[in-house]
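Position 84 of the sequence shown, counting from 1, maps to 84 under full-length UniProt numbering, and the rest follow consecutively. Beneath this line is the structure, given in structure tokens, with notes to follow.
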Amino acid sequence: MPSRLRHLALVAALTAGIPNPAVPPVRIHQLLTGPAGFLELRNLSAAPVWLDGWTVLSCQGHTLAELARFPAGSAVGGGGSFVLAGLDFAGEADLLLPAVPGTGQLLRDEHQSRVDGVAVAPDSPCRENEAAQPCPGPLSRDALSTDTDNNRADFGCPSPPY
């Protein structure tokens, strides 16, 4: 086996099963739009993820608008959640906003690279593959926050209470 092929085989063997550190383990877990709406982010790793400079964009039709920029020192703890919520939200929130508008939301990291997105509109720039089915309540992932990069497969309508 030529030296280069042996080297590539060794690198492949040594890195097999190691998660890609460039992909943040934070996912959009739940979304409910409106003045009492909320966006729940979930950290799937055991380590905290710092959100300094991350942004959430709101999608309405083909339009993207910045909804929130995480302030310095913002983090979601290992295995934890971070909730952005409208002023009329009845639960506890980590970051209050006037409302959670739009037909979808897009999460970007500090480099403004796409981390996750969800939308119910088929033409939304926030969606991943097929749009999620609209719900009478929040859109939600399963308990493991499974992400197949297809909103229709990943998000459903949970039964109350939410």
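Just so it is clear, CB atoms sit at the ideal spot from N, CA and C, and this is done for glycine as well. These numbers were taken from a predicted model, which means no experiment stands behind them.
- request: Could you tell me which residues DSSP pairs with W50 in its beta bridges?
  value: A75
- prompt: How long is the line joining the alpha carbons of T63 and V120, rounded to whole angstroms?
  reply: 14 Å
query: What are the partner residues of R108, as DSSP defines its beta bridges?
result: T55, R114
query: Thinking C-beta only, is L39 closer than 8 Å to V100?
result: yes
- prompt: When DSSP labels each residue in this structure, what does A153 get in the three-state scheme?
  reply: helix
message: Suppose you measure from the CA of D154 to the CA of T146; what does that come to, to the nearest Å?
response: 6 Å
Straight-line gap, G104 to P134 (C-alpha atoms, nearest Å): 11 Å
query: Of all the options S81, E66, G53, which has the alpha carbon lying nearest to the alpha carbon of S45?
result: S81
message: Excluding the 5 residues flanking G77 on each side, which residues of the same chain have their C-beta closer than 6 Å to its C-beta?
response: P48
query: In whole angstroms, what separates the C-alpha of G91 from that of P35?
result: 13 Å
message: I'd like the span of the beta strand (DSSP E) that includes L67, first residue to last.
response: 63-69
task: Count the other CB atoms, across all protein chains shown, that sit within 10 Å of the CB of N43; report buried if there are 16 or more and exposed otherwise.
output: buried
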